[in-house]
Structure formats: C-alpha cells, structure tokens
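Taking the numbering used here, the leading residue of the sequence shown gets 4, the next gets one more, and so forth.
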Amino acid sequence: MARDLSVRIGTLELPNPLISASGCFGYGLEYEDVTDLSALGGVCVKGLFLTEREGHAPPRIVETPAGMINAIGLQGIGVHRFVKEKLPLLRERGARVFVNVCGTTIDEYAEVTRILTDAGGVAAIELNISCPNIKEGGIQFGCSLLGTGQVVEAVRKVTHLPVIPKLTPNVTDVASFARAAEDAGADAVSLVNTFLALAIDVETRRPTITNVLGGLSGPAIRPIAVRMVWECAREVKIPIIGMGGITNARDALEFILAGATAVQIGTANFVDPFVWGKVLDGIDDYMARHQVERLSDLIGAFDPTPPKVVHR
Ligand SMILES: Cc1cc2nc3c(=O)[nH]c(=O)nc-3n(C[C@H](O)[C@H](O)[C@H](O)COP(=O)(O)O)c2cc1C
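Spelled out as structure tokens, the structure:
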C-alpha cells in the first residue's frame with residue numbers, strides 16, 4: 004500500500020510536510036529548474052512588507068561551524084510587486100504558496116495580509132514577528148506576549164487563510180508565545196527563526212557583517228530548535244511547523260516526532276538544492292522500515308522515556 008505523507012494545517016492539506024523556509028528559497032521561481040515547486044508541501048517566500056526594501060549592505064552573511072549568520076535585513080520586492088510579478092507564476096506552477104508577512108506596525112501586517120488574501124492563490128500567511136536583525140522586523144512584537152497576540156488578532160480579522168505566526172527562539176519560554184498565538188486565533192505556529200549571534204573578525208577586531216549582529220541558522224541550532232518544538236507541542240493544540248538546521252530525513256523526523264506537523268528547510272537548501280527529494284525519500288524509507296502507513300501517525304510520537312543505562 005502506498006504510504007500517505009500528507010499533513011493538515013488547519014483547513015490546508017499538504018501532500019507532504021516539506022516547506023521551503025522563508026528567505027532561503029527566494030520567491031520559489033528561482034529554483035524551478037531544479038525543483039518541481041508543486042511537489043513540495045509548500046513554498047514559503049521571502050518576507051514581504053508593503054513596500055520594497057533594500058536590506059543591509061554587504062557583507063551580510065558569514066559562515067560559522069555547522070551554520071551561518073545572516074543579516075540580510077529583509078530585502079524584498081514588497082507585496083504589490085509580489086502579487087503582480089510572482090504570485091501568478093507560482094500559481095501556474097501549482098505551488099502552495101506560504102507568504103512570510105512583515106510589518107513595522109500592526110496595521111502593516113494586516114494590510115499586507117489583506118492584499119494577499121484579496122489577490123487569491125495564497126495558501127497561508129506566515130507572520131514574521133521574529134526577524135532578529137532589523138529593529139523594525141517584528142521582533143518588538145514577537146518578544147512580547149501582548150504584541151504577539153495583538154498582531155495575530157489584527158491579521159485574523161482580515162483573512163480566512165491559515166494564520167501562522169513565526170516564533171523567535173530569542174526568548175526564555177517559547178511555549179508561552181505559542182500559547183499567546185493560539186489564544187489570539189492562530190491556526191498554527193512555526194518555529195524557530197534564527198538565533199541572535201555575533202561573529203568577530205579577530206584581525207580587524209571588528210564585526211564580520213555590517214549590521215554587527217545577525218541570525219544564526221543551520222545544523223548548529225537544530226537540537227535547540229527540536230527542544231523548543233517539543234516544548235510548544237506540549238503547550239498548544241494547534242499544529243506546529245518546525246525548522247532549524249534540517250539537512251536530511253533523520254533531522255526532519257526528529258522535529259515530527261517532537262510534535263511538528265510539517266517542517267521547513269532553509270540553510271541546507273544553499274548547500275544542496277536537491278535536498279528536497281532526498282529528505283522526502285528518506286522519510287518514506289523510514290516509514291517503510293517502521294511499517295508506518297500515515298506520516299500523521301508519527302507527529303508527536305516521541306517517547307521521552309530515557310534510553311537504557313549503559314554500564315561503564
Ligand atoms: C539568508 C536567510 C534569510 C532569511 N530570511 C527570512 C525571512 O525573510 N523571514 C523569516 O521569517 N525568516 C527568514 N530566515 C530564517 C529562516 O526562514 C529559518 O527560520 C532559519 O534559517 C532556521 O532554519 P534553517 O536552519 O533550516 O535555515 C532567513 C534565514 C536565512 C539563512
């Protein structure tokens with residue numbers, strides 16, 4: 004019998020749990036020569052404000068052991084150009100489009116969402132309330148329980164689409180933010196955005212990137228992200244989209260077992276744009292080996308019983 008990798012996020016059914024992470028897959032179309040966009044569970048595009056933004060001056064990325072620090076500064080074409088130039092093509096390709104919505108004010112989040120909802124053809128709204136590397140990147144909302152609730156409530160009023168606030172890991176108790184989002188009417192939460200980080204060039208004794216601070220992503224953050232997903236899964240009933248350092252099927256399965264309904268892949272896509280097929284095949288192999296017919300049976304199937312004691 005064919006195995007069923009489909010998952011549900013609110014009213015949205017995805018053929019599989021793999022979604023591109025915002026900022027790591029352009030507007031999707033850049034990758035269509037190497038990836039069938041309709042074969043992904045979803046394509047989450049770069050963060051969009053109402054207007055175009057240039058982002059920070061380079062250098063704005065730096066490699067770190069098992070990861071990278073970026074401070075792109077939410078460079079983007081703005082929602083109007085996206086709706087006109089990109090959305091029709093994404094729709095034609097059969098992509099399930101998640102839009103990462105940014106705002107400097109609560110009204111801007113609502114307005115960008117309203118424009119996207121009216122445009123049609125968007126599958127879900129991911130609210131970026133967690134960008135660590137620009138002051139007005141939503142982090143002022145995402146680091147406050149009240150602010151998180153206010154953004155979700157305002158956006159909830161203007162759309163029927165699934166609303167998915169993206170949580171920052173730069174807080175002490177991430178689960179309380181998932182709870183605030185759920186209470187305010189979110190359909191799901193996604194986590195984690197990047198960890199605030201600093202890399203110093205010891206020769207010049209200055210920062211390696213122009214913004215001084217940036218966000219750490221990639222395999223280095225994965226165990227912390229898995230822990231945070233698990234904490235949120237115990238706190239809320241809404242689905243969780245997990246991410247942070249996924250490079251292969253085992254990594255993706257860790258998030259799913261910890262309670263994620265779907266996962267996003269970001270930094271790994273820069274290393275290997277063919278990662279998607281490999282992760283999907285690996286999940287399918289795992290399901291065959293463990294005689295699991297429906298992927299949804301694995302969501303939250305983590306058994307926290309400690310492993311057997313190994314005698315020294
Ligand atoms: C270059 C770069 C740009 C990013 N841009 C965005 C963005 O526009 N909006 C957003 O919510 N997250 C953005 N992120 C964060 C990722 O979507 C993701 O949350 C994070 O990188 C962790 O996943 P990963 O380790 O698989 O990359 C960006 C990350 C990177 C590396």
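We put the beta carbon where it would ideally sit given N, CA and C, even for glycine. Every value quoted in this text rests on a predicted model; they were computed, and no experiment measured them.
Name the residue from the options whose alpha carbon lies nearest to the alpha carbon of residue i.
{"i": "A98", "options": "G31, I243, T171 and G280", "result": "G31"}
{"i": "R56", "options": "N73, K89, L43 and I80", "result": "I80"}
{"i": "N196", "options": "T211, S220, A189 and A187", "result": "S220"}
{"i": "G217", "options": "H59, E257 and W279", "result": "H59"}
{"i": "F277", "options": "A42, V312, M231 and I203", "result": "A42"}
{"i": "I224", "options": "E238, C235 and G245", "result": "G245"}
{"i": "I109", "options": "L53, R94 and N136", "result": "L53"}
{"i": "H163", "options": "D121, L148, L199 and A202", "result": "D121"}
{"i": "V174", "options": "H293, A189 and L194", "result": "L194"}
Between residue i and residue j, is the Cβ-Cβ spacing less than 8 Å?
{"i": "N272", "j": "G76", "result": "no"}
{"i": "N326", "j": "C47", "result": "Absent from the structure is residue 326, since the part of the chain shown begins at 4 and ends at 315."}
{"i": "L3", "j": "P168", "result": "Since the first residue of the chain shown is 4 and the last is 315, residue 3 is not available in this structure."}
{"i": "G106", "j": "G150", "result": "no"}
{"i": "A265", "j": "G44", "result": "yes"}
{"i": "P61", "j": "T211", "result": "no"}
{"i": "A181", "j": "V192", "result": "yes"}
{"i": "W279", "j": "T38", "result": "yes"}
Confirm the yes/no value for this check: CB of residue i, any heavy atom of ligand 1, distance under 7 Å.
{"i": "V177", "result": "no"}
{"i": "I224", "result": "yes"}
{"i": "K169", "result": "yes"}
{"i": "K49", "result": "yes"}
{"i": "A24", "result": "yes"}
{"i": "T54", "result": "no"}
{"i": "A271", "result": "yes"}
{"i": "N251", "result": "no"}
{"i": "M231", "result": "no"}
{"i": "V102", "result": "no"}
{"i": "N131", "result": "yes"}
Given 7 Å as the limit, tell me if residue i has its C-beta closer than that to any heavy atom belonging to ligand 3.
{"i": "T38", "result": "The model depicted lacks ligand 3 and carries ligand 1 instead."}
Three CB pairs or more closer than 8 Å across the region 64-72 and the region 284-301: no
Please determine if the region 149-166 and the region 196-211 are in contact, where contact requires at least 3 C-beta pairs separated by less than 8 Å. no
If you pair each beta-carbon of the region 11-29 with each one of the region 122-129, do three or more pairs fall below 8 Å? yes
Evaluate contact between the region 253-264 and the region 220-231, counting only Cβ atoms and requiring at least three cross-stretch pairs below 8 Å. yes
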